Amino acid sequence: MEDIDKSAVEPVLRGLKAAVEAYLGNSICFVKVAFSPREMNNGYLADIVAAAVRQSGLVEVWAGRLTAPVLALFSKWLDEGDFGLPESLVLVIDKCEDGFQLALIYQEEGLADVFRHNYHLYTGTENATDRASSFQQTLDDIIKTPFNYKFYGIKVPQNIKDLVIYGDNIWNPDFRSTLDATLDARLIHGAYQRQPVYAPARELAGSVFHRLNDPASPVRKTAPFGCCWKSRGKGCPKYYASPLHVCVIGEIKNVPEVSTNEIAVIEHN
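Note that my numbering has the sequence shown beginning at 1326, numbered continuously upward.
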């Protein structure tokens, strides 16, 4: 079973690595994978992905598992230049063609903790009414009070103050109608919205860059032998400002103030 699963993941990694290297003309040495909250505690899946990464000749920047909803919130912080409202609740919604994911997150001065989440994949047999109904029920369950949760001994507030929406289907009419009928209009009007699904991977890329450019980080020395040398003499990350191209789920962006090595960041849903 493990060999079958690994053989399914490895070609995806190799294909992305080859495509980005061909486009940029430089080597890809490092990778980081984000998981959905449902998969966060799936040690078997994590082992399969880690094995596929190693087999592909890539190095994971760190071993910790990050969730896509938290990374989407981090992307909002990055874009807006602050950590949002202190001691507040954020509802994060991923609405895609093949399903949806909701997470209720407590944020406090750069810290984020998911205390409610639901990940739902469509079977392909539902009609539009069925899909709208399942989303409505899940949304009602996620936002239902009271929120009996404590963050380091502090009881979380009972009102949701912020909304993050991302995915490749966030303008679906039924989805928008459900939001309008269920959530406060001011919450929807002030929502951070991104289509398609790059918000989580974008912030994950930023976190990876900071880690690789930390002079105290040992991860820069773990690249496969010769990988960095292939990067047209640019080498692996060093702590100085220089343009960097990064591949984030197939989208090429230019990220300033980081080193010149390339990193492929993959979001796993």
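Glycine included, every Cβ here is placed at the ideal spot set by N, Cα and C. In this text the structure is predicted, and so the values were computed from the model without any measurement.
Beta-carbon spacing of Val1395, Ala1343 below 9 Å: no
How do the segment 1495-1513 and the segment 1528-1545 stand: do at least 3 beta-carbon pairs fall below 8 Å, yes or no? no
Endpoints, alpha helix (DSSP H) assigned at Lys1469: Here Lys1469 belongs to no alpha helix (DSSP H), and DSSP marks it neither H nor E.
Contact belief for Ile1485 with Leu1416 at Cβ below 8 Å, rounded distance in angstroms: 5 Å
So, are the CB atoms of Lys1357 and Val1337 less than 9 Å apart? In this structure, Val1337 does not lie closer than 9 Å to Lys1357 by Cβ.
Pick out whichever of His1442, Tyr1348, Gln1380 and Leu1349 has its Cα sitting closest to the Cα of Ser1332. Gln1380
Would you mind sorting Val1345 into buried or exposed? The rule is 16 or more other CB atoms within 10 Å of its CB. Buried is the label assigned to Val1345, since at least 16 other Cβ atoms lie within 10 Å of its Cβ.
Leu1488: which of Ala1457, Phe1460, Ile1430 and Ile1373 sits nearest, CA to CA? Ile1430
Measuring straight from C-alpha to C-alpha, what distance separates Ala1437 and Ile1467? 17 Å
Buried or exposed: which applies to Asn1473, given that a residue is buried once 16 or more other Cβ atoms fall within 10 Å of its Cβ? Exposed, by the Cβ-count rule.
Buried or exposed: which applies to Tyr1565, given that a residue is buried once 16 or more other Cβ atoms fall within 10 Å of its Cβ? Note that Tyr1565 has pLDDT 38, beneath the 50 cutoff, so the model's placement of it is unreliable and no number is given.
CB-CB under 6 Å to Gln1461, same chain, minus the five flanking residues each way: which ones, in chain order? Thr1503
How would you label Asp1455, buried or exposed, when you count the other beta carbons within 10 angstroms and need 16 or more for buried? exposed
First and last residue of the uninterrupted alpha helix (DSSP H) at Ala1510: It spans Ala1510 to His1514 - the alpha helix (DSSP H) in which Ala1510 sits, taken as one unbroken run.
Between which residues of its own chain and Gln1483 is the CB-CB distance below 7 Å, once the five residues before and five after are set aside? Thr1470, Pro1471 and Phe1472
Evaluate Gly1340 with the Cβ neighbour count: other Cβ atoms within 10 Å of its Cβ, from every protein chain shown; 16 or more gives buried, anything less gives exposed. exposed
Considering only DSSP beta bridges, list what Phe1476 is partnered with. Per DSSP, Ile1479.
Identify which residue in Ala1393, Lys1401 and Val1334 has its Cα closest to the Cα of Ile1373. Out of Ala1393, Lys1401 and Val1334, Val1334 has the C-alpha closest to the C-alpha of Ile1373.
Straight-line Cα distance separating Gln1520 from Asn1494: 7 Å
Close Cβ partners of Arg1511 (< 7 Å) along its chain, the five nearest in sequence each way excluded: Hits under 7 Å: none found.
What separation, rounded to the nearest whole angstrom, lies between the Cα atoms of Leu1370 and Ala1359? 12 Å
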